[in-house]
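Chemist:
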Amino acid sequence: MTELKFHNLHNRKYLQYGLALIFGFVFGFLLQKGRVCYYDVILGQLLLEDFTVLKVMLSAIVTGMIGIYAMKAAGWVKLHKKSGSLGTSLPGPLIFGVGFGILGYCPGTSVGAVAHGSLDALIGGVFGITVGAGLYAAVYPRLEKVLEIGSFGDRTLIDLFRARNPWLLIVPFAALIILGLILIEIMGL
Amino acid sequence: MAPVLNIITASAWSPYLVGVGIGILSWLTFLLSNHPLGVSTAFAKTAGMIEKKLRGPRVAAKPYYREHKPAIDWEWMLVLGLFIGALAAAAMSESIRWELVPSMWEASFGSNVVIRFSAAIFGGICVGFGARWGCGCTSGHGISGTLQLVLSSWLSAICFFLGGIVTATVIYRIL
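Heads up: the protein sequence lines correspond to chains A and B, in order.
Under the working numbering, the residue at position 175 of the first sequence is numbered 175, and the numbers go up by one with no gaps.
Under the working numbering, the residue at position 8 of the second sequence is numbered 197, and the numbers go up by one with no gaps.
#1: Where do the ends of the alpha helix (DSSP H) carrying G352 of chain B lie?
#2: Taking T356 of chain B as the query, report the chain D residues whose CB atoms sit under 9 Å from its CB, ordered along the chain.
#3: Using the Cβ count rule (16 or more neighbours within 10 Å means buried), how would you classify L183 of chain A?
#4: Could you tell me the boundaries of the alpha helix (DSSP H) in which F173 of chain A lies?
#5: Please report the straight-line C-alpha distance between I239 of chain B and P166 of chain A, rounded to a whole angstrom.
#6: Counting only runs of 4+ residues fully inside the region 241-326 of chain B, write out the alpha helix (DSSP H) ranges in chain order.
#7: Give me the Cα-Cα distance between F349 of chain B and G34 of chain A, rounded to the nearest whole angstrom.
#8: Is the CB-CB distance between G101 of chain A and G353 of chain B below 8 Å?
#9: Among the residues of its own chain, which have a CB less than 8 Å from the CB of Y361 of chain B, if the five just before and after it don't count?
#10: Among residues of its own chain, excluding the 5 on either side of I304 of chain B, which ones have a beta-carbon nearer than 8 Å to its beta-carbon?
#11: In chain A, which residues lie with their C-beta within 8 Å of the C-beta of L226 of chain B?
#12: Buried or exposed, going by whether 16 or more other CB atoms sit within 10 Å of the CB of S222 of chain B?
#13: Under a Cβ-count criterion, where at least 16 other Cβ atoms within 10 Å of its own Cβ denotes burial, should A279 of chain B be classed as buried or exposed?
#14: How big is the Cα-Cα spacing for T235 of chain B and I186 of chain A?
#15: Less than 8 Å between CB atoms is the rule here; does R321 of chain B satisfy it with respect to chain A?
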């Protein structure tokens, strides 16, 4: 396999920590400016009244998708795909969803919400999520059998639709998302 | 200089501008760090580090922590940066306000702090537990995984919102 574009940077531990700090800074800055670190905005999305969260996520997905697949085609980056199974990708995320609806923040936005002074995000979010993650580590060995149910690996939608050329899926998919966003705007959501 | 300053001090940017910004940020993390954006692993590592402090080094022998070493890493630094970045953004727009109960919660369920905090802790535990069960959160699956068109991430992201929409609807429309 040929080496990635900036492979000489990837193994430099402290440089990477510095980069992560800068990337995190930009991420947090954008989340706060996008107002998605606010309970009211997130709940507005879950009650289907305010589509700010979806607008941010879908425009990030379209932008990210095009750039990442273009750089992958050039051999500059490699993908980081997570494997899944029916036993991991359905129950875990559904429990997450229930918690998301009650807490009103996700892990990243709870950290961002603490930064603007939301103390429920500190106690419920930062503290509660850490406790939940620790509890999962405790029960993890007992879930092993469940996690293996219906394993489908790290396949992508490109594999699923057997697209010969990834762009045959990416272009219509991006168009569909943009169309959806235009529709949301027309509906005034 | 004034227009630039106005943008920096604005309390809200267009969600599309923010989304495109996050998309471009993901290009850079892949390119320069060979890493996707993700947040919830840092919580698992923090839990492991705290448990190690309380219960000693045998914690690191737990199967989960053997696979996810409880130590500071790239993603942990990303989350630290996220906090500082959100703090800077909120400070520049003078949006930092101490708040115990969010206004929307208060309008429906009152200003009782104990009730809100209890609910938030329960919700947070579910979020942390579910994120680790599903191997990712709204960042790792919801943005990084979906933009790579990974099937497990699309399924997870749909379930995050399905669970969230049903729960929020039950809490606000039925209870």
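Heads up, the beta-carbon is just placed ideally off N, CA and C, and yes, glycines get one too.
Quick caveat, the model's predicted, so the values are computed rather than measured.
Modeler: In this structure, then:
#1: It spans 340-358 - the alpha helix (DSSP H) in which G352 of chain B sits, taken as one unbroken run.
#2: Checking the listed chains, one finds no chain D in this structure; the protein chains it contains are A and B.
#3: Under this definition L183 of chain A is an exposed residue.
#4: Where F173 of chain A is concerned, the enclosing alpha helix (DSSP H) stretches over 167-186.
#5: Computed Cα separation, rounded: 43 Å.
#6: Taking only runs of at least 4 residues, the alpha helix (DSSP H) segments lying wholly in the region 241-326 of chain B are 252-256, 263-281, 292-298, 302-322.
#7: Approximately 20 Å, taken between the alpha carbons.
#8: Taking 8 Å as the Cβ cut-off, G101 of chain A and G353 of chain B qualify as a contacting pair.
#9: Excluding positions up to five away in sequence, the list reads S297.
#10: Excluding sequence neighbours, I304 of chain B sits near F298.
#11: In chain order, F23, F27 make up the part of chain A whose C-beta sits under 8 Å from the C-beta of L226 of chain B.
#12: Looking at its Cβ environment, which holds 16 or more other Cβ atoms inside 10 Å, S222 of chain B is buried.
#13: It counts as buried.
#14: Going from the Cα of T235 of chain B to the Cα of I186 of chain A covers about 44 Å.
#15: Cβ-Cβ to chain A under 8 Å: yes for R321 of chain B.
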